[in-house]
Every structure is written in C-alpha cells, then in structure tokens.
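Participant: Taken in order, the sequence shown gives residues 3 to 509; the numbers are from the working numbering. Heads up, the beta-carbon is just placed ideally off N, CA and C, and yes, glycines get one too. The model shown is predicted, which means the values in this text are computed figures rather than measured ones. I'd like to ask you about the structure that follows.
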Amino acid sequence: MTVATPALSHRLRPLMAAICLSASFGAADVLTSAPALARGPDGIADVAEKVIDAVVNISTSQTVEAKAGPGGEGRGVTPQLPPGSPFEEFFDDFFKNRRGGPGGGPRGGDMQPHKTSSLGSGFIIDTSGIVVTNNHVIADADEINVILNDGTKIKAELVGVDKKTDLAVLKFKPVKPLVAVKFGDSDRLRLGEWVIAIGNPFSLGGTVTAGIVSARNRDIASGPYDNYIQTDAAINRGNSGGPLFNLDGEVIGVNTLIISPTGGSIGIGFAVPSKTVAGVVDQLRQFGELRRGWLGVRIQQVTDEIAESLNIKPARGALIAGVEDKGPAKPAGIEPGDVVVRFDGKDIKEPKDLSRVVADTAVGKEVDVVIIRKGEEQTRKVTLGRLEDNDKPVPAAIKSPEPAEKPVTQRALGLDLATLSKDLRSRYKIKESVKGVIITNVDGTSDAAEKRLAAGEVIVEVAQEAVSNAADVKKRVEQLKKDGKKSVLLLVSNADGELRFVALSVQ
Numbered sequence: 003m004t005v006a007t008p009a010l011s012h013r014l015r016p017l018m019a020a021i022c023l024s025a026s027f028g029a030a031d032v033l034t035s036a037p038a039l040a041r042g043p044d045g046i047a048d049v050a051e052k053v054i055d056a057v058v059n060i061s062t063s064q065t066v067e068a069k070a071g072p073g074g075e076g077r078g079v080t081p082q083l084p085p086g087s088p089f090e091e092f093f094d095d096f097f098k099n100r101r102g103g104p105g106g107g108p109r110g111g112d113m114q115p116h117k118t119s120s121l122g123s124g125f126i127i128d129t130s131g132i133v134v135t136n137n138h139v140i141a142d143a144d145e146i147n148v149i150l151n152d153g154t155k156i157k158a159e160l161v162g163v164d165k166k167t168d169l170a171v172l173k174f175k176p177v178k179p180l181v182a183v184k185f186g187d188s189d190r191l192r193l194g195e196w197v198i199a200i201g202n203p204f205s206l207g208g209t210v211t212a213g214i215v216s217a218r219n220r221d222i223a224s225g226p227y228d229n230y231i232q233t234d235a236a237i238n239r240g241n242s243g244g245p246l247f248n249l250d251g252e253v254i255g256v257n258t259l260i261i262s263p264t265g266g267s268i269g270i271g272f273a274v275p276s277k278t279v280a281g282v283v284d285q286l287r288q289f290g291e292l293r294r295g296w297l298g299v300r301i302q303q304v305t306d307e308i309a310e311s312l313n314i315k316p317a318r319g320a321l322i323a324g325v326e327d328k329g330p331a332k333p334a335g336i337e338p339g340d341v342v343v344r345f346d347g348k349d350i351k352e353p354k355d356l357s358r359v360v361a362d363t364a365v366g367k368e369v370d371v372v373i374i375r376k377g378e379e380q381t382r383k384v385t386l387g388r389l390e391d392n393d394k395p396v397p398a399a400i401k402s403p404e405p406a407e408k409p410v411t412q413r414a415l416g417l418d419l420a421t422l423s424k425d426l427r428s429r430y431k432i433k434e435s436v437k438g439v440i441i442t443n444v445d446g447t448s449d450a451a452e453k454r455l456a457a458g459e460v461i462v463e464v465a466q467e468a469v470s471n472a473a474d475v476k477k478r479v480e481q482l483k484k485d486g487k488k489s490v491l492l493l494v495s496n497a498d499g500e501l502r503f504v505a506l507s508v509q
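As structure tokens, this is what we get:
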C-alpha cells in the first residue's frame with residue numbers, strides 16, 4: 003500500500019499498532035471472534051447492489067455576488083438551524099468558522115462575481131426521471147445536474163420544494179433505462195434496526211454505510227414539523243438528500259442533518275422519515291407546492307401547572323391559546339382554553355403532534371376533534387382549511403414606555419394591575435378589541451417575571467372567567483387560594499390581541 007503523505011502515515015501509526023496487537027492473539031482467539039463477525043446484518047451487500055443505481059449525485063452551480071472575505075460554504079450536510087436550537091453550536095463551529103473545502107466556494111477575498119458549485123445526493127423514485135433530494139442541496143442554484151452511478155450527467159429541472167421539511171423534487175429526461183426505489187413504512191421502524199445510507203460524502207461518489215436506528219421522532223427545533231429518524235450510520239458532508247434504506251431495500255428516510263463539532267460523522271445523523279417524505283413528494287408532483295391542512299388556532303404546551311389549573315390528569319394535549327376569526331376552528335365552537343387530546347382518531351400528546359397531524363390531513367376533510375373543556379371531554383367536527391404559507395415576522399416583545407404615573411389600583415401575583423382606561427389604552431397602544439385588566443408593573447423576583455409577563459400586557463381571563471377590572475383579578479386569586487389551588491391560569495393578551503395562557507403559582 004502506498005501512503006499518500008508523511009502526515010497521513012503518521013496518523014495511521016496508532017491504528018496500525020492496534021491492528022498488529024489484534025493480530026498477535028493466538029489462533030484460538032481468532033476462531034472465537036469469527037462467529038461474532040458473522041453475526042453482522044445479513045443482506046447489506048445484496049441491498050446495496052440492488053439499489054445503488056437508483057442513488058444519484060446532485061451537482062449545482064450558482065453565481066454569487068462579489069464579496070470580501072472567505073468564500074461561501076458548500077451545501078451537502080445541513081441547512082441553517084434557527085437560533086435557539088439545542089444543536090446550533092455544533093453546526094456553527096464547522097459551517098460558520100470553516101469555509102471552503104468540498105463543495106464550498108473559493109477561499110480568500112475574491113472581489114469579483116464568481117460561480118460556485120456544490121454536490122449533494124438524491125435518489126430516483128420513478129423511472130421517468132423523478133428524483134428526491136433536500137431543498138438545501140439545490141436552493142438558489144442556477145443550474146442543477148443529476149449524475150447517475152455510472153457517471154452520466156443530465157441536466158435536471160425543479161418540480162417543487164418544501165422548505166418546512168427541507169425536501170425537493172427534480173425531474174430529468176432519461177437517456178437510458180433507470181432503476182427506481184420505493185418508499186417503505188417508517189412508522190414500523192424499531193430502535194436498533196439496521197439501516198443503510200448511500201450518498202456522495204465529500205464528493206467521493208456512491209458510498210455505502212450502515213448503522214442502526216438510534217431514535218425516532220426526534221425534534222431538534224429545525225422546523226415546525228420535526229420528526230427525524232436518528233441513526234449512527236456514517237453521514238457526512240455531501241450525503242444530504244440521499245436515501246436511508248431498510249434491509250428490504252426500501253427508502254425509510256432522507257438523510258438531512260448531522261450533529262458534529264468537526265463537520266464529520268460522529269454517529270449522530272438525522273433523516274426525514276419516509277411517511278413525511280412520501281406525502282410531500284406526492285403533493286409536489288401533483289401541485290408543484292404543498293397544500294397543508296389548517297385548523298386556525300394558536301397552540302401551546304400543557305405544563306403541569308396549566309394541567310392542574312384545568313383539572314387535566316395527566317398533563318397532555320395541545321392548549322388552544324387563540325382562535326382565528328376566519329379559521330375552521332371558530333365555527334366548530336373551539337375556544338381558547340380548550341385542550342385538544344385527539345384529532346381525527348390520533349392521540350395528541352403535545353403541541354407538535356397536533357401541528358404534524360393537521361398539516362398531513364387533506365384540505366377540506368371533516369374530522370372529529372376531541373377537546374377537554376373545564377375537565378370534560380367534548381367532540382367537535384371541523385372541516386379543515388388550507389394553510390397559507392407566509393413569512394410575516396413574529397411580533398417583537400412589547401417594549402412599553404414607562405408611564406409617568408402608575409395608576410395602580412390592585413396588586414396580586416407580583417403584578418401591579420389597573421382597570422383598562424382610555425388613557426392606558428393610548429399609552430400602551432392597545433387595540434380597542436382587547437378587553438381586560440392591564441399590567442403596569444411586574445415584580446422582578448416573582449413567578450410572573452419568570453413566566454415573562456410584562457407591563458402593557460392585558461389579563462383577559464382568570465381561571466377561564468373574564469375580568470374587567472383589577473378588583474376582579476385580586477378577588478378571584480384570593481378565592482383560588484382559599485380553595486386550595488396551587489396555581490391560577492391567566493389568559494393574557496398583548497397590545498395586538500394575540501393571546502397566550504400563563505399559569506402562576508398562588509402559594
């Protein structure tokens with residue numbers, strides 16, 4: 003074997019020493035270890051041989067504007083995670099601080115417009131030339147090419163993308179017979195089940211790796227419908243968009259993200275499950291866009307405190323914090339304070355469950371929605387609307403001017419409260435449609451401060467009963483204390499009328 007560089011040779015010495023140590027054991031040891039090696043997963047080679055020609059490389063090019071400093075980073079491992087993701091620091095270390103490299107732009111301070119290229123992976127699902135990949139692999143590309151396993155390069159067109167699940171569908175005109183793969187049932191995956199990843203890591207071409215399903219239903223805060231399969235199969239830069247197979251040769255996921263402090267595989271990779279992929283792909287092929295179901299509500303987590311306030315045991319479901327006036331939930335009689343525990347026959351354990359199942363339900367379908375209202379289950383029939391994607395910015399936190407004079411009439415729960423007057427409405431710019439009791443000050447050491455209540459917000463309900471003046475709030479809080487309640491549930495509005503529930507301790 004010829005070693006490429008002295009540096010590589012130096013790095014290989016510890017490994018070679020380990021190999022030599024292993025080889026120094028006696029024949030009996032070798033015979034003992036052989037059956038253990040034989041117990042590896044059967045059929046990996048057979049599966050790889052059967053599906054390898056359906057896996058393609060995706061090559062893209064893009065003209066970028068003149069820019070001082072290091073060149074742009076390449077695609078092929080991960081899209082940008084949103085601030086606050088628990089894994090943000092791992093991605094930032096490699097992708098923000100290490101530029102260039104495989105699939106990346108030119109290094110150095112190139113001040114001229116230039117073309118960059120990148121490589122990712124994909125797979126053929128229809129012999130007519132339909133390919134599935136990740137959206138971030140082809141995003142902003144001026145030109146997209148599909149490279150078959152035998153090296154044939156064919157220009158591809160974009161059918162459609164879904165940014166929320168980071169999926170894209172391409173099509174190209176075949177110049178020869180193709181091999182296609184089909185989707186399996188990701189819901190049937192078991193922890194520890196063997197899976198196979200095939201892709202284009204570091205632009206090396208068709209590469210097969212194997213591992214197990216490490217976890218299911220992973221939410222890493224990368225999007226509204228996170229439901230990833232986690233695997234320890236080696237997935238690296240360039241594997242994005244490639245398939246994750248079961249041992250039947252069925253696609254059970256699309257490799258999309260890795261967690262790594264270095265940019266290389268450390269055995270923590272994530273794939274979009276085939277159940278999600280199949281639905282998205284069908285709609286993109288049919289409509290060129292996603293048509294998701296819409297319930298027309300704002301939801302939040304049912305915490306233990308909120309569950310206790312609503313008499314729900316155990317804490318579960320999705321709490322309705324607000325209902326759109328023109329949404330499907332409104333005419334069905336769903337109200338703020340209701341907790342959705344079942345939707346179209348599917349149990350809802352947390353808000354993410356409701357978001358996913360609503361999005362996956364056909365527009366126009368009438369479904370049964372089971373809610374808990376004041377401790378009792380009720381069933382409402384809702385005809386779903388269509389979710390219209392928009393990128394309206396999230397309203398900023400209220401920054402209310404400090405009033406020259408605090409018109410405090412009552413104090414409760416660490417809050418200074420005042421009856422909402424015309425002067426206060428004008429001072430805090432509160433819409434006329436908002437009714438209730440205004441918060442004029444929050445004790446910084448109180449539970450209210452910890453729950454991020456702020457001056458200028460309006461308490462609309464206390465324990466699911468409307469309040470109109472500060473005395474009402476204090477009276478109801480005192481009554482809850484006498485009744486032995488540990489917390490009080492407040493329905494709170496911001497200046498624009500957007501609602502949320504907050505449970506505060508009354509101890």
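1) Do residue 55 and residue 180 have their beta-carbon atoms positioned less than 9 Å apart in this structure?
2) Is it buried or exposed for residue 130, if we count other Cβ within 10 angstroms and need 16 for buried?
3) Among 450, 432, 218, 202, which one has its Cα closest to the Cα of residue 193?
4) Can you tell me the Cα-Cα spacing of residue 243 and residue 234, whole angstroms?
5) Which residue comes first and which comes last in the alpha helix (DSSP H) that contains residue 311?
6) Go to residue 245, then tell me how far its alpha helix (DSSP H) extends in each direction, as first and last residue.
7) Do you know whose CA, among 216, 221, 263, lies nearest residue 239's CA?
8) Just reading off the alpha helix (DSSP H) that residue 425 is part of, what are its end residues?
9) Buried or exposed, going by whether 16 or more other CB atoms sit within 10 Å of the CB of residue 404?
10) Going straight from the alpha carbon of residue 370 to that of residue 351, what length do you get?
11) Using three-state DSSP, classify residue 319 as helix, strand or coil.
12) At 4 residues or longer, what runs of the alpha helix (DSSP H) sit wholly inside the segment 136 to 191?
13) Looking at the strands, I want to know which residues DSSP matches up with residue 414.
14) What three-state label does DSSP hand residue 211 in the structure shown?
15) Please return the same chain residues whose Cβ sits closer than 7 Å to the Cβ of residue 457, not counting the five positions on each side in sequence.
16) Going by C-alpha distance, which of 205, 420, 365, 335 is nearest residue 380?
17) Evaluate contact between the segment 494 to 509 and the segment 321 to 330, counting only Cβ atoms and requiring at least three cross-stretch pairs below 8 Å.
18) Measuring CB atoms only, is the segment 274 to 293 touching the segment 470 to 485, in the sense that at least three cross pairs come out at less than 8 Å?
19) Tell me whether residue 65 sits in a helix, a strand or coil according to DSSP, three-state version.
20) So what does residue 1 bridge to, in DSSP terms?
21) Given this structure, state the Cα-to-Cα distance separating residue 47 from residue 359, to the nearest angstrom.
22) Determine the direct distance from the alpha carbon of residue 425 to that of residue 461, and round the result to whole angstroms.
23) May I have the straight-line CA-CA distance separating residue 224 from residue 477, to the nearest angstrom?
24) Residue 128 by DSSP, collapsed to three states: which one?
25) Per DSSP, what kind of secondary structure is residue 492 in: helix, strand or coil?
26) Would you kindly report the start and end of the unbroken beta strand (DSSP E) that includes residue 273?
27) Buried or exposed for residue 44, please, with buried defined as at least 16 other CB atoms from any protein chain shown within 10 angstroms of its CB.
28) Rounded to whole angstroms, what is the Cα-Cα separation between residue 300 and residue 279?
29) In the DSSP output, what is residue 231 paired with across the bridge?
30) Between the Cα of residue 134 and the Cα atoms of 150, 152, 229, 170, which residue gives the shortest distance?
31) Who are residue 220's beta bridge partners in DSSP?
32) Along the alpha helix (DSSP H) that carries residue 46, what are the first and last residues, could you check?
33) Buried or exposed for residue 14, please, with buried defined as at least 16 other CB atoms from any protein chain shown within 10 angstroms of its CB.
34) In whole angstroms, give me the CA-to-CA distance for residue 215 and residue 266.
35) For residue 154 and residue 124, I'd like the C-alpha separation in whole angstroms.
36) Tell me whether the beta-carbon of residue 253 lies closer than 9 Å to the beta-carbon of residue 186.
Facilitator: Let me lay it out:
1) If you number the sequence shown from 1, residue 180 lands on position 178. If you number the sequence shown from 1, residue 55 lands on position 53. Yes, the pair counts as a contact, with Cβ atoms nearer than the cut-off.
2) Translated into the one-based positions of the sequence shown, residue 130 becomes position 128. Exposed, by the Cβ-count rule.
3) Residue mapping note: residue 193 aligns to position 191 of the sequence shown, counting from 1. When each option's Cα is compared against that of residue 193, the closest is 218.
4) As a working note, residue 243 is residue 241 in the sequence shown. As a working note, residue 234 is residue 232 in the sequence shown. Taking the straight line joining both Cα atoms gives about 17 Å.
5) Along the sequence shown, read from residue 1 onward, the residue named residue 311 stands at position 309. Here the alpha helix (DSSP H) through residue 311 covers 306 to 312.
6) As a working note, residue 245 is residue 243 in the sequence shown. Where residue 245 is concerned, there is no enclosing alpha helix (DSSP H), although the beta strand (DSSP E) it sits in stretches over 245 to 247.
7) Working through the sequence shown from its first residue, we reach residue 239 at position 237. It is 263.
8) One-based indexing of the sequence shown puts residue 425 at position 423. First-last of the alpha helix (DSSP H) with residue 425: 424 to 429.
9) What you label residue 404 is simply residue 402 of the sequence shown in a count that begins at 1. Residue placement at residue 404 is flagged as unreliable, the pLDDT there being 43, under the threshold of 50; the coordinate-derived value follows with that caveat. So residue 404 ends up on the exposed side.
10) For this step, residue 370 is matched to residue 368 along the sequence shown. For this step, residue 351 is matched to residue 349 along the sequence shown. Using only the alpha carbons, I get a separation of about 16 Å.
11) Within the sequence shown, the letter at position 317 stands for residue 319. It is coil, neither helix nor strand.
12) 137 to 140
13) Counting from 1 along the sequence shown, the entry for residue 414 is found at position 412. Note: residue 414 sits in a beta bridge opposite 417.
14) For the purposes of this step, residue 211 is taken as the residue at position 209 of the sequence shown. The answer is strand: DSSP assigns residue 211 an E or B state.
15) Taking the first residue of the sequence shown as position 1, residue 457 is located at position 455. The answer, listed in chain order, is 402, 441, 442, 443, 444.
16) As a working mapping, residue 380 is identified with position 378 in the sequence shown. It is 335 whose Cα lies nearest to the Cα of residue 380.
17) yes
18) no
19) Locating residue 65 in the sequence shown gives position 63, where the first residue counts as 1. Reduced to three states, the DSSP call for residue 65 is strand.
20) Within the shown structure, residues of the chain are numbered from 3 to 509, placing residue 1 beyond reach of any answer.
21) Translated into positions along the sequence shown, residue 47 becomes position 45. Translated into positions along the sequence shown, residue 359 becomes position 357. Answer to the nearest angstrom: the Cα atoms are 37 Å apart.
22) One-based indexing of the sequence shown puts residue 461 at position 459. One-based indexing of the sequence shown puts residue 425 at position 423. If you take the alpha carbons of residue 461 and residue 425, they lie about 17 Å apart.
23) By 1-based counting over the sequence shown, the position of residue 224 is 222. By 1-based counting over the sequence shown, the position of residue 477 is 475. Whole-angstrom Cα-Cα distance: 44 Å.
24) Translated into positions along the sequence shown, residue 128 becomes position 126. Of the three classes helix, strand and coil, the one that applies to residue 128 here is strand, per DSSP.
25) On the sequence shown, position 490 is the one that residue 492 refers to. It is a strand residue.
26) Indexing the sequence shown from 1 puts residue 273 at position 271. 271 to 275 is the span of the beta strand (DSSP E), which, as asked, contains residue 273.
27) Taking the first residue of the sequence shown as 1, we reach residue 44 at position 42. Classification for residue 44: exposed.
28) Taking the first residue of the sequence shown as position 1, residue 300 is located at position 298. Taking the first residue of the sequence shown as position 1, residue 279 is located at position 277. Straight-line Cα distance between these residues: approximately 25 Å.
29) Looking up residue 231 in the sequence shown gives position 229. Per DSSP, 273.
30) In the sequence shown, the residue the question calls residue 134 occupies position 132. Checking every option, the nearest Cα to that of residue 134 belongs to 170.
31) Here the question's residue 220 lines up with position 218 in the sequence shown. Its beta-bridge partners are 230.
32) Position 44 of the sequence shown, counting from 1, holds the residue named residue 46. From DSSP, the alpha helix (DSSP H) with residue 46 extends over 46 to 53.
33) By one-based count along the sequence shown, residue 14 stands at place 12. Residue placement at residue 14 is poorly supported in this model, since its pLDDT is 34, which falls under 50; the coordinates are not used for a value here.
34) Your numbering for residue 215 matches position 213 in the sequence shown. Your numbering for residue 266 matches position 264 in the sequence shown. So the two alpha carbons sit approximately 19 Å from each other.
35) Along the sequence shown, read from residue 1 onward, the residue named residue 154 stands at position 152. Along the sequence shown, read from residue 1 onward, the residue named residue 124 stands at position 122. If I take the Cα positions, the gap works out to 15 Å.
36) To locate residue 253, count along the sequence shown from 1; it is residue 251. To locate residue 186, count along the sequence shown from 1; it is residue 184. Yes, these two residues count as a Cβ contact at 9 Å.
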